[in-house]
Amino acid sequence: MKAMLINAYGENATFEAADVAKPEVKAGHVLVKIAASSVNTVDTMIRSMGKDLPLSPDTPAILGMDFAGTVEAVGDRVKDFSVGDEVYGCAGGLADLPGTLAQYMVADSNLIAHKAKNLLMPEAAALPLVAITAYEGLQRAGINQGQKVLVHGGSGGVGHVALQLAKHWGAEVYSTGGGEKQLALIERLGATGINYKTETVEQYVDKHTDGAGFDVVFDSVGGANLTNSFEAAALNGQVATTVSMCELDLTPAHLKGLSLHVVFMLIPMLHNFKREQHAEILRNLTQICESGGLTPVLDEEQFSLEQVGQAYARLESGKAMGKVVVEN
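The sequence shown begins at 106 in the working numbering and counts up by one.
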């Protein structure tokens, strides 16, 4: 089969087209013909950092985590999938799991689900990593109907899903963005936009919560921005973040009695730990998509498998709006 390989890691690492052996299905897995995959920040980190990142596969490597495609073969002990099923998931591209930048991949059936019928393959491929992350973070934060929820980075990959899910679950949703295009997307997706460049945290907390703070803050920016999340949260509030590899003074969180939830959705893949939970979340996301509660946003630029290097550059440029997708 055709695949795009990384033969050596580094900031200028290139993808090279190669013919490699088509993988064979095994027990508990399905063979999928890949129709589309999407690029996530962690994919670009693996390419540039290589073995400085513990989860990077050995080279030559087939990267890519998210995919949508069609089942071509079913292994023993697989009950929920049949040949011809359209599926999606986040199932490879790290450690010893070959990725999605190829014509075929073998995926653990506990990491996939049936694709939403109202989504095209590229749309479905855009969802798994970011949607599982958003779903897990909001659920761990105990999201409830009627709460005021703040999403930092609502025009990004995780953020644009988080604000839609929060709205679907009945919350009153607000979201930060840094420009007209970002804020327009946030508003189109049903949240109230906040320009963090022109409004201080104190100003928008006063404006939207009468100074009380938000019940849930979902921080898809994280790092140093967590201090803004702590400031924006209500007393005994909930903060969920996707980026916490930093040193931070937790005193503000202590004084407010905040709960901090760190979401690292790659744990099931890396450690073969409760992978079936990802399948369950994906099944729920399929239902939410089919009910109209979640629509993935794709970047305006399109890329073929052979152009995957350009797709990575697009995401790294910071100019993409929505998810960058690669179509086979």
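For every residue, glycine included, the Cβ atom is placed at its ideal position computed from N, Cα and C.
Nearest to residue i by CA position, among the options, is which residue?
{"i": "Ala140", "options": "Ala118, Leu206, Gly262", "result": "Leu206"}
{"i": "Gln252", "options": "Ala271, Met210, Glu285", "result": "Ala271"}
{"i": "Ala337", "options": "Met426, Met370, Val321", "result": "Val321"}
{"i": "Asn333", "options": "Glu177, Ile372, Leu232, Leu255", "result": "Leu255"}
{"i": "Thr347", "options": "Ala200, Ala239, Val211", "result": "Ala239"}
{"i": "Thr297", "options": "Glu307, Lys286, Ile237, Glu277", "result": "Glu277"}
{"i": "Ile393", "options": "Lys220, Thr281, Phe323", "result": "Lys220"}
{"i": "Leu353", "options": "Thr175, Leu110, Thr119, Phe335", "result": "Phe335"}
{"i": "Gln343", "options": "Ala246, Leu158, Gly194, Asn433", "result": "Ala246"}
{"i": "Glu465", "options": "Gly194, Glu385, Arg380", "result": "This structure gives no information on residue 465, because the portion of the chain shown stretches from 106 to 433."}
{"i": "His273", "options": "Gly362, Glu304, Leu399", "result": "Leu399"}
{"i": "Asp190", "options": "Ser396, Ala218, Asn389, Gln208", "result": "Ala218"}
{"i": "Leu290", "options": "Gly198, Gly262, Glu304, Gly316", "result": "Gly262"}
{"i": "Phe172", "options": "Gly328, Asp185, Gly198, Met426", "result": "Gly198"}
{"i": "Leu288", "options": "Thr303, Ser260, Glu304", "result": "Ser260"}
{"i": "Arg388", "options": "Asp181, Thr149, Phe186", "result": "Phe186"}
Check this for me: beta carbons of residue i and residue j, under 7 Å apart or not?
{"i": "Leu168", "j": "Gly204", "result": "yes"}
{"i": "Met106", "j": "Lys127", "result": "yes"}
{"i": "Val211", "j": "Val130", "result": "yes"}
{"i": "Val179", "j": "Val137", "result": "no"}
{"i": "Gly242", "j": "Val368", "result": "yes"}
{"i": "Thr281", "j": "Tyr301", "result": "yes"}
{"i": "Ile299", "j": "Tyr279", "result": "yes"}
{"i": "Val402", "j": "Val431", "result": "no"}
{"i": "Ala236", "j": "Leu375", "result": "no"}
{"i": "Ala166", "j": "Lys428", "result": "no"}
{"i": "Val183", "j": "Ser214", "result": "yes"}
{"i": "Ala384", "j": "His366", "result": "no"}
{"i": "Gly328", "j": "Cys351", "result": "yes"}
Let's see if you can read the secondary structure: which residues bound the beta strand (DSSP E) around residue i?
{"i": "Phe172", "result": "171-179"}
{"i": "Met109", "result": "107-111"}
{"i": "Lys138", "result": "134-144"}
{"i": "Tyr279", "result": "277-282"}
{"i": "Ile217", "result": "217-219"}
{"i": "Tyr193", "result": "191-195"}
Cα separation between residue i and residue j?
{"i": "Asn330", "j": "Leu355", "result": "13 Å"}
{"i": "Gly318", "j": "Leu340", "result": "7 Å"}
{"i": "Gln250", "j": "Phe408", "result": "39 Å"}
{"i": "Thr164", "j": "Leu360", "result": "47 Å"}
{"i": "Gly423", "j": "Asn145", "result": "12 Å"}
{"i": "Glu421", "j": "Val147", "result": "11 Å"}
{"i": "Tyr417", "j": "Gly258", "result": "20 Å"}
{"i": "Glu411", "j": "Glu121", "result": "8 Å"}
{"i": "Asp404", "j": "Leu294", "result": "15 Å"}
{"i": "His265", "j": "Val192", "result": "22 Å"}
{"i": "Val326", "j": "Gly133", "result": "36 Å"}
{"i": "Asn377", "j": "Ser143", "result": "22 Å"}
{"i": "Ala358", "j": "Ser364", "result": "8 Å"}
{"i": "Leu371", "j": "Glu406", "result": "27 Å"}
{"i": "Leu445", "j": "Lys286", "result": "Nothing can be reported for residue 445: it is not among the residues displayed for the chain, which extend from 106 to 433."}
{"i": "Leu110", "j": "Asn117", "result": "14 Å"}
{"i": "Val176", "j": "Gln415", "result": "28 Å"}
{"i": "Asn433", "j": "Lys379", "result": "30 Å"}
{"i": "Asp324", "j": "Asn112", "result": "35 Å"}
{"i": "Val306", "j": "Gly362", "result": "19 Å"}
{"i": "Ala123", "j": "Asp157", "result": "25 Å"}
{"i": "Ser349", "j": "Lys222", "result": "36 Å"}
{"i": "Pro373", "j": "Gln382", "result": "8 Å"}
{"i": "Asp311", "j": "Pro159", "result": "43 Å"}
{"i": "Met426", "j": "Gly284", "result": "12 Å"}
{"i": "Ile386", "j": "Thr119", "result": "34 Å"}
{"i": "Gln208", "j": "Ile151", "result": "21 Å"}
{"i": "Gly275", "j": "Ala108", "result": "43 Å"}
Return the Cβ separation of residue i and residue j in integer angstroms, given the expectation that the two are a contact with Cβ distance under 8 Å.
{"i": "Leu234", "j": "Met170", "result": "6 Å"}
{"i": "Leu216", "j": "Ala196", "result": "4 Å"}
Could you pull the start and end residues of the alpha helix (DSSP H) that residue i belongs to?
{"i": "Glu228", "result": "226-230"}
{"i": "Asn300", "result": "Note, Asn300: premise wrong, no alpha helix (DSSP H); beta strand (DSSP E) at 297-300."}
{"i": "Val237", "result": "According to the sequence provided, residue 237 is Ile. The question's Val does not apply to it. Element bounds for Ile237: 233-245."}
{"i": "Met374", "result": "372-376"}
{"i": "Asn333", "result": "331-337"}
{"i": "Asp311", "result": "306-314"}
{"i": "Ser364", "result": "Taken as a continuous stretch (DSSP letters only), Ser364 belongs to no alpha helix (DSSP H), being part of the beta strand (DSSP E) at 364-367."}
{"i": "Val413", "result": "413-422"}
{"i": "Ala118", "result": "Ala118 -> no alpha helix (DSSP H), and no H or E assigned at all."}
{"i": "Glu385", "result": "381-395"}
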